[in-house]
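Here the structure comes first, spelled out in structure tokens, and everything after it is commentary.
There are 2 protein chains.
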Amino acid sequence: MSSGYDVVGIGNAIVDIIAPADDEFLAQHDISKGVMTLIDAERAAHLCGALPMAQEAAGGSAANTMAGLASLGAIGLFVGKVKADRLGESFASGLRELGVRYTTPMADGGPPTACCIIAVTPDGQRSMSTYLGASRELTPADISDADIAAAEVLYIEGYLWDMPDAKAAINKAIAAAKANRRKVAFTLSDPFCVGRWRAEFLALLKDIDILFANEEEAKALFETEDFDAVLQKTRIWPGIAALTRSEKGCVIAQGVEVHVLDAAPVERVVDSTGAGDQFAAGFLYGITHGKGLAQAGRLGGLAAGEVISHYGARPETSLRTLAADAGLV
Amino acid sequence: MSSGYDVVGIGNAIVDIIAPADDEFLAQHDISKGVMTLIDAERAAHLCGALPMAQEAAGGSAANTMAGLASLGAIGLFVGKVKADRLGESFASGLRELGVRYTTPMADGGPPTACCIIAVTPDGQRSMSTYLGASRELTPADISDADIAAAEVLYIEGYLWDMPDAKAAINKAIAAAKANRRKVAFTLSDPFCVGRWRAEFLALLKDIDILFANEEEAKALFETEDFDAVLQKTRIWPGIAALTRSEKGCVIAQGVEVHVLDAAPVERVVDSTGAGDQFAAGFLYGITHGKGLAQAGRLGGLAAGEVISHYGARPETSLRTLAADAGLV
């Protein structure tokens, strides 16, 4: 490997606050089911107070991906902003314990560390209310050109676009990756996020080498209701499209190369949180370790299959062991 | 159109004898559940006698496809052998009423018209016992080079390979199609049929322009358990592969062109019999009417969706009307 890191991931540094809830709770508190909604500090405090039996876990989409990459044995750096408060310390130690490097300076003042309040209904769906807090404070000074240059892949999450102040930091990172001929990978994050930033995401495609999107996100990006239309759009774009389709598996396409891969068998889907994040982890592990597109897609499916078979958005079993058992590494 | 027929289909001319049965009946009569087994005349007579409340319906895989093509408004000819007995007359009138041309001379002597005894268990599964009877008597004299030359596509079913005596007729038909630069379409019919004739089917691929296979059949042909491996095999073959995947929809591939199409929405799957036959009908209608591969695949999905929403292997609703309502024709 010519560089120090397999992947540098940039994303919102968020602590998840997870609790079981019923549909009545969602209705009572006006929570949109199954999607991610941005909330302010006041509403965050209100929801936290109303949810019984909440558990905390370090989260954030790209941070979860970095955790998955570490579980596979990859070397990664995470960039994202927390405040120097209890949740911020918890986020940082959560990543470091897994072996992910995390050096972004904590904010001393300003808003508290970001949190995502996740209400899990009995049907296994998660409804997320995100307070971005300190994660909005990411600045160009937090981006080290040398770190970007030292990584084979720069991975950025679409959720970052919800923080207009952080855009200068993202642009700096992409410019550094391009200047050093590093690959840029991007996840569309969420169909509503695509709705908010569609024009910018389309313009961004010219700088992207690897696009992660689930079916709904990709349909929102290309404004179509037809999956095959999405596939044909991605195929006239030069990058690698990794299109995930839940129980239908995934389609990986780059120009004339197309793979249609089944989902990894899962005994029971317990909680779909983090499926996309872990798919990206497995896929990026494959791409940074000399695997072809099909093998990378299978690694993505394996990692996603692990994370949806239990609560929480990060692996509970060594992905490296699972991948070895499956003959994928 | 430069020719008189859209499609000439060659297949076993079979009358279906359908009756409800329980698992005890299957066990008592040693019937393998969910698959097609070949039986002799004695066993056919025995099973017919044992099954109460049987209903007759003209069937046969390629004949069902021709019925679907007629329902879409295509012009077709069916070639297959019956005896001049009651079931033979029933088969012939069943096709002609739908507007399918059928001119194969009936056998005066020899075995009776073929029948397929279908035991339908309460779980909706169909266990088929096929007595090939007169359909085995197809000879080269039944194949008209002029008819083959007059059709845009020659469509043949893999089940024909179970009749070694009919092979000369099939070879004559393929030679006539090739000599007249007509397309040859072929369905693998059944995974067990592929198991019986795998080497011959692989050798046949060089003469095939359009291959129909469901996932299990295609996996049996290429001896793999991985759908993507099937897809990659078909893509280095120059023909069109139409790979059907039940509720997962279908994948249509020809070299660098690949389409991943969802299954048509179906309220309730009542009886999956004929899904493959009708997919072929819709697809061949598209191919013979100037539609691209994606549109042809959608027509196939639409026709399959109609036939699985009711009992029986032929359309009950005008496929032409359904296709028009869906904006596909």
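For the record, the sequence lines run as chains F and B.
Position one of the first sequence corresponds to residue 1 (this note's numbering), numbered consecutively onward.
Position one of the second sequence corresponds to residue 1 (this note's numbering), numbered consecutively onward.
Ideal placement from N, C-alpha and C gives every residue a C-beta, glycine not left out.
What residues in the stretch 280–298 of chain F bring their beta carbon closer than 7 Å to a beta carbon of chain B?
ALA294
I think ALA213/B touches LEU188/B, with their Cβ atoms under 8 Å apart; what is that distance to the nearest whole Å?
4 Å
Taking the alpha-carbon positions, what's the SER144/B to GLY286/B distance?
25 Å
Sequence-distant residues of the same chain with beta carbon closer than 7 Å to ILE39/B, five excluded per side:
SER129, THR130, TYR131
Would you say SER259/F faces chain B, with C-beta separation under 8 Å as the test?
Reading off the sequence, residue 259/F comes out as His, not Ser. With 8 Å as the cut-off, HIS259/F counts as an interface residue toward chain B.
To be precise: take each residue of the stretch 237–260 of chain F, compare its Cβ to all Cβ atoms of chain B, and keep it if any distance is under 7 Å. Which residues remain?
LYS248, VAL251, VAL256, VAL258, HIS259, VAL260
I think LEU299/B touches LEU328/B, with their Cβ atoms under 8 Å apart; what is that distance to the nearest whole Å?
5 Å
Go ahead and label ASP271/B buried or exposed: buried means 16 or more other beta carbons lie within 10 angstroms of its beta carbon, across all protein chains shown.
buried
Should ALA19/B and ALA119/B be called a contact, given that it needs their Cβ atoms to be closer than 8 Å?
yes
When you compare the CB of LEU231/B with every CB in chain F, is at least one pair closer than 8 Å?
yes
What did DSSP end up calling MET36/B once you bin it into helix, strand or coil?
strand
Tell me, please, whether the CB atom of PHE212/B is closer than 8 Å to any CB atom in chain F?
no
Checking 8 Å against the spacing of the C-beta atoms, do ILE148/B and ALA177/B come in under that value?
yes
Own chain partners of TYR311/B with C-beta closer than 7 Å, once the 5 adjacent residues on each side are dropped:
VAL270, ASP271
Partner residues on chain B for PHE227/F, Cβ-Cβ distance less than 9 Å:
GLY249, VAL260, LEU261, ASP262
Output needed for THR317/B: all residues of its chain with C-beta closer than 7 Å, excluding positions within five of it in sequence on either side, in chain order.
GLU306
In the DSSP assignment, find the beta strand (DSSP E) that holds GLU247/F and state where it starts and stops.
Per DSSP, GLU247/F belongs to no beta strand (DSSP E) and is neither H nor E.
Helix, strand or coil for GLN125/B? Go by DSSP, reduced to three states.
coil
Looking at C-beta atoms only, is the number of pairs between the stretch 42–53 of chain F and the stretch 62–73 of chain F that lie closer than 8 Å three or more?
no
Output yes if chain F places a C-beta closer than 8 Å to the C-beta of MET1/B; else output no.
Caution applies to MET1/B, whose pLDDT of 39 falls short of 50 and renders its modelled position unreliable; the value that the coordinates give is listed next. Chain F contact via Cβ: absent.
What three-state label does DSSP hand ASP277/F in the structure shown?
helix
Assuming ALA74/B contacts VAL184/B (C-beta within less than 8 Å), just tell me the rounded distance between them.
About 17 Å; that fails the 8 Å criterion.
In whole angstroms, give me the CA-to-CA distance for ALA280/B and ALA263/F.
27 Å
Which term fits MET36/B, buried or exposed, when burial requires 16 or more other beta carbons within 10 angstroms of its beta carbon?
buried
For VAL8/B, three-class secondary structure by DSSP
strand
Taking the DSSP output, what are the residues bridged to PHE227/F?
Looking at the DSSP assignment, PHE227/F forms no beta bridge with any residue, so it has no partner.
Where LYS178/F falls: helix, strand or coil (DSSP)
helix
Buried or exposed by the 16-neighbour rule on C-beta atoms within 10 Å, applied to LYS206/B
exposed
In angstroms with no decimal places, state the Cα-to-Cα distance between ALA203/B and TRP197/B.
10 Å
Quick one: give me the first and last residue of the alpha helix (DSSP H) that GLU385/F is part of.
Residue 385/F lies beyond the residue range present for chain F, which begins at 1 and ends at 329; the question has no answer from this structure.
Same chain, Cβ closer than 6 Å to LEU138/F, five either side skipped, listed in chain order:
LYS81, ALA166, ALA169
Would a C-beta distance cut-off of 8 Å place ARG245/F and GLU215/F closer than the cut-off?
yes
Using a Cβ-Cβ cutoff of less than 6 Å, which residues in the same chain neighbour ARG101/F once the five nearest sequence positions on both sides are dropped?
LEU77
Thinking ILE252/F and ALA294/F are a contact (beta carbons under 8 Å), I'd like their distance in whole angstroms, please.
7 Å
Rounded straight-line distance, which links the Cα of GLY239/B to that of GLY276/F:
35 Å
Can you check which of these residues, PRO105/B, SER93/B, ILE208/B, GLY249/B, is closest to VAL153/B by C-alpha distance?
ILE208/B
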